[in-house]
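Each residue of the sequence shown is one higher than the last, beginning at 32 in the numbering used here. Below is one structure, written out as structure tokens, with a few remarks after it.
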Amino acid sequence: QELTDITKKPLDGITVETKDDNLFEWKCSIKAASDSPYKGGTFRFNLSLPQNFPFKAPSVTFTTKIYHPGINEEGSICVPVLRDEASRFLCTTHIINTVLAIIQEKVNNPSPDDPFEPEIAALLKNDKAKFLATAKEHTKK
32 QELTDITKKP LDGITVETKD DNLFEWKCSI KAASDSPYKG GTFRFNLSLP
82 QNFPFKAPSV TFTTKIYHPG INEEGSICVP VLRDEASRFL CTTHIINTVL
132 AIIQEKVNNP SPDDPFEPEI AALLKNDKAK FLATAKEHTK K
């Protein structure tokens, strides 16, 4: 029940739907904020809940390519809450909404800290204008 509530009342800028009515597999998308380097972009990702959720964190894989220091070529995202087990103390809806909100924040506000893509992180840190231009170009594709 908690899981179906998320699809009916998603966070602003995020769409969530189950894959083939499987409550453990979700198709999600984030519409980039207007003040983000990815303005105008919509980024799709899959969110998979393990059978022992919430004792094990969900996995997230972006299916839309994004030029981002925290998301690698394979679509994996570097988000500490996906590695931590502290989530087992929260209710299911809160965990998923927290994960979605963190992913949305990370997409809209790229940071060179804790990167999956060190070269992109270095560009963001050392030449932000070039990073922003490159991110904008990639988003148009």
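The beta carbon of each residue, even a glycine, is placed where N, CA and C say it ideally should be. Owing to the predicted nature of the structure, the values given are computational and were not obtained by experimental measurement.
{"Item": "Which same chain residues, not among the five before or five after L78, have their C-beta less than 6 Å away from its C-beta?", "Value": "W57, C59, P89 and V91"}
{"Item": "Using the Cβ count rule (16 or more neighbours within 10 Å means buried), how would you classify K62?", "Value": "buried"}
{"Item": "With which residues is L78 paired in a DSSP beta bridge?", "Value": "W57 and V91"}
{"Item": "Between A160 and A166, what straight-line distance do the alpha-carbon atoms span, to the nearest angstrom?", "Value": "10 Å"}
{"Item": "Determine, using beta carbons only, whether V138 and I97 come nearer to each other than 9 Å.", "Value": "yes"}
{"Item": "Contact between the segment 146 to 154 and the segment 124 to 138 is defined here as three or more beta-carbon pairs at a separation below 8 Å; is this criterion met?", "Value": "no"}
{"Item": "What do you get for F86, buried or exposed, if any count of 16 or more other CB atoms within 10 angstroms of its CB means buried?", "Value": "exposed"}
{"Item": "Spatial neighbours of I127 within its chain, please: C-beta separation below 6 Å, excluding the five flanking residues on both sides.", "Value": "I37"}
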